[in-house]
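Peer 1:
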Amino acid sequence: QKEVEQNSGPLSVPEGAIASLNCTYSDRGSQSFFWYRQYSGKSPELIMSIYSNGDKEDGRFTAQLNKASQYVSLLIRDSQPSDSATYLCAVRGGYSGGGADGLTFGKGTHLIIQP
Amino acid sequence: GAVVSQHPSWVICKSGTSVKIECRSLDFQATTMFWYRQFPKQSLMLMATSNEGSKATYEQGVEKDKFLINHASLTLSTLTVTSAHPEDSSFYICSAREAGGRSDTQYFGPGTRLTVL
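Order-wise, the sequence lines are chains A and B.
So for the first sequence, the numbering used here puts the first residue at 1; every next one is plus one.
So for the second sequence, the numbering used here puts the first residue at 116; every next one is plus one.
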């Protein structure tokens, strides 16, 4: 069974600093990796996707993937109070049976940006 | 672009009744739609994968006779919770993947909060 692990937090970061969110996954065959942001009571919204080892940057966000270590991270530069939310790591694909197309989510990290 | 809607946004029903939730892709065609469930302070759990014109694939532990899924068109999938009970109270969220697109990105609907009394 696929597992995606995240530190639940809360992770408290001062405004303007870099927030670093981490995620590990169990299925070595996983192919696609996503970071979603979820505000309380709302559905997830996509921040970034990453498919290859290395870094991928999009504005203030950088996703990092290391398939050998089965590790994905998200860096948020110049953190803003509006970035306060729960960040979900999601993984698609792999060797585990069932739901190969669906996403397996971690429980999320609650991020608080302190003004 | 890539907007997914759900209806209703919330519903309260009595135990034993059935509830239908609609998921629509508004500006794209979706060959595949997914249904997730999220309990309070938990993460999203995939319930089933719905392919247009074929039977849904359910995840282990999800009762297919209780959660009926119909994906009759490329823009609409429905989830019917039959004989709902209080333990079915949850946040149900659908997502859709664009047909023929090279990306496997899933776009999520706003969710439906179900409360069973």
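Yeah, the Cβ is synthetic: ideal placement off N, Cα and C, and Gly gets one too.
Just checking: is the beta-carbon of residue 117 of chain A within a distance shorter than 9 Å of some beta-carbon in chain B?
Peer 2: With chain A represented from 1 up to 115, any question about residue 117 of chain A goes unanswered, as that position is not in the structure.
Peer 1: Measure from the C-beta of residue 189 of chain B to each C-beta in chain A and report whether the shortest distance is under 9 Å.
Peer 2: Proximity of residue 189 of chain B to chain A, defined by a Cβ-Cβ separation below 9 Å, is not satisfied.
Peer 1: Is it true that the stretch 12 to 30 of chain A meets the stretch 68 to 87 of chain A, where meeting means three or more beta-carbon pairs spaced less than 8 Å apart?
Peer 2: yes
Peer 1: In or out: residue 69 of chain B buried (at least 16 other Cβ within 10 Å) or exposed?
Peer 2: Beyond the ends of chain B as shown, which are 116 and 232, falls residue 69 of chain B; an answer cannot be given.
Peer 1: The beta strand (DSSP E) spanning residue 187 of chain B covers which residue range?
Peer 2: 182 to 188
Peer 1: Give the residues of chain A in contact with residue 194 of chain B, contact being defined as C-beta atoms less than 8 Å apart.
Peer 2: Result: empty, since nearest Cβ-Cβ is about 14 Å, beyond 8 Å.
Peer 1: Considering Cα atoms alone, identify which of B:153, B:181, B:204 is closest to residue 129 of chain B.
Peer 2: B:204
Peer 1: Kindly indicate if chain A contains any beta-carbon less than 9 Å away from that of residue 161 of chain B.
Peer 2: yes
Peer 1: Taking the beta strand (DSSP E) that residue 122 of chain B falls in, what are its first and last residues?
Peer 2: 119 to 122
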